[in-house]
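Q: I'd like to ask some things about the structure below.
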Amino acid sequence: MSPRPATSSSSPASSEDPLSRTKHQIRRVKANYRERNRMHGLNHALDILRQKVPLTTHHQKLSKIETLRLARNYIDALNLMLSSGKQPSNLEYAHMLSQGLSQTTTNLIASVMDVQPRALLLAQRQGQLPDAPATPPFATTPPFPADCFYPVEMHYGRQQQF
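Taking full-length UniProt numbering, the leading residue of the sequence shown gets 1, the next gets one more, and so forth.
Below, the structure written as structure tokens:
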């Protein structure tokens, strides 16, 4: 099948009229500007989200999809803890946070949670981790390091714009 010959009515840019070409270029520049601003806003929102999830690292920035998956897992883990009234062990919490994430991110979570990555991987593969946490209630000390969360005043002390 041979390619169709271009016609002058196929697009404004292919038109011989310089005025039409200029209008098209202006529209494209404006559209590109809007898209660039949209992406800057999205990236800024993801940077803020990265600060809120319980994995902060200065060495490696999580990808967009890893950030969203970790945020989803974190929300699910918090919901499970609230509904069950139980606190998961470090291993259980690391398992909840790392579901569906890359091995690199899972290793980062394991190191933050002070869990051996190999133990987490083996427990996941063997299905030894329960779906619901079965450890002491909230009155006990949290199993996660306090420094992986930002202080409350950083969350609520000043307004952050998206």
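Glycine is no exception: its CB is placed at the ideal position from the N, C-alpha and C atoms.
Could you tell me how far apart the beta carbons of His95 and Leu120 are, in whole angstroms, since I believe they sit closer than 8 angstroms?
A: Along the sequence shown, read from residue 1 onward, the residue named residue 95 stands at position 95. Along the sequence shown, read from residue 1 onward, the residue named residue 120 stands at position 120. At roughly 6 angstroms, the Cβ-Cβ gap stays under 8 angstroms, so His95 and Leu120 are in contact.
Q: Under the rule that 16 or more other beta-carbon atoms within 10 Å means buried, what is Asn32, buried or exposed?
A: Within the sequence shown, residue 32 is the residue found at index 32, counting from 1. Label assigned to Asn32: exposed.
Q: Compute the Euclidean distance between the alpha carbons of Thr104 and Leu122, then round it to the nearest angstrom.
A: Position 104 of the sequence shown, counting from 1, holds the residue named residue 104. Position 122 of the sequence shown, counting from 1, holds the residue named residue 122. Rounded to the nearest angstrom, the two C-alpha atoms are 16 angstroms apart.
Q: Express the C-alpha separation of Arg21 and Gln159 in angstroms, rounding to a whole number.
A: If you number the sequence shown from 1, residue 159 lands on position 159. If you number the sequence shown from 1, residue 21 lands on position 21. Model confidence at Gln159 stands at a pLDDT of 41, short of 50, so the residue's coordinates are unreliable; what they give is reported in the following sentence. In a straight line, the C-alpha of Gln159 is about 44 angstroms away from that of Arg21.
Q: Is it buried or exposed, Met39, if we count other Cβ atoms within 10 angstroms and call 16 or more buried?
A: Taking the sequence shown and counting its residues from 1, the one referred to as residue 39 is at position 39. Exposed.
Q: Alpha carbon to alpha carbon, what distance is there between Asn43 and Leu82?
A: Taking the first residue of the sequence shown as position 1, residue 82 is located at position 82. Taking the first residue of the sequence shown as position 1, residue 43 is located at position 43. Roughly 30 angstroms separates the two Cα atoms.
Q: Please list, in chain order, all residues of the same chain as Leu101 whose beta carbon is under 8 angstroms from its beta carbon, the five residues on each side excluded.
A: In the sequence shown, counting from the first residue as 1, residue 101 sits at position 101. Around Leu101: Glu66, Arg69, Leu70, Asn73, Ile109.
Q: Near residue 178, which residues of its chain fall below 6 angstroms by C-beta distance, leaving aside the five closest residues on each side in sequence?
A: Since the first residue of the chain shown is 1 and the last is 162, residue 178 is not available in this structure.
Q: How long is the line joining the alpha carbons of Thr140 and Ser89, rounded to whole angstroms?
A: Locating residue 140 in the sequence shown gives position 140, counting from the first residue. Locating residue 89 in the sequence shown gives position 89, counting from the first residue. Its pLDDT being 38, under 50, Thr140 is placed unreliably in this model, and the coordinates cannot settle the point.
Q: Work out the CA separation of Arg34 and Met113 for me, nearest whole Å.
A: Position 113 of the sequence shown holds residue 113. Position 34 of the sequence shown holds residue 34. C-alpha separation (whole angstroms): 41 angstroms.
Q: May I have the straight-line CA-CA distance separating Arg50 from Gln126, to the nearest angstrom?
A: Along the sequence shown, read from residue 1 onward, the residue named residue 50 stands at position 50. Along the sequence shown, read from residue 1 onward, the residue named residue 126 stands at position 126. Take the alpha-carbon of Arg50 and the one of Gln126: they are about 30 angstroms apart.
Q: Nearest to Ala45 by CA position, among Ser111, Val29, Lys64, is which residue?
A: Locating residue 45 in the sequence shown gives position 45, counting from the first residue. Among Ser111, Val29, Lys64, the Cα nearest to that of Ala45 is on Lys64.
Q: Once you ignore the five residues that flank Asp47 on each side, which residues in its own chain have a CB closer than 6 angstroms to its CB?
A: By 1-based counting over the sequence shown, the position of residue 47 is 47. Answer for Asp47: no residue qualifies.
Q: In its own chain, which residues sit with a C-beta less than 6 angstroms from the C-beta of Ser98, not counting the 5 before and 5 after it?
A: To locate residue 98, count along the sequence shown from 1; it is residue 98. Only Thr106, Ile109 meet the Cβ criterion.
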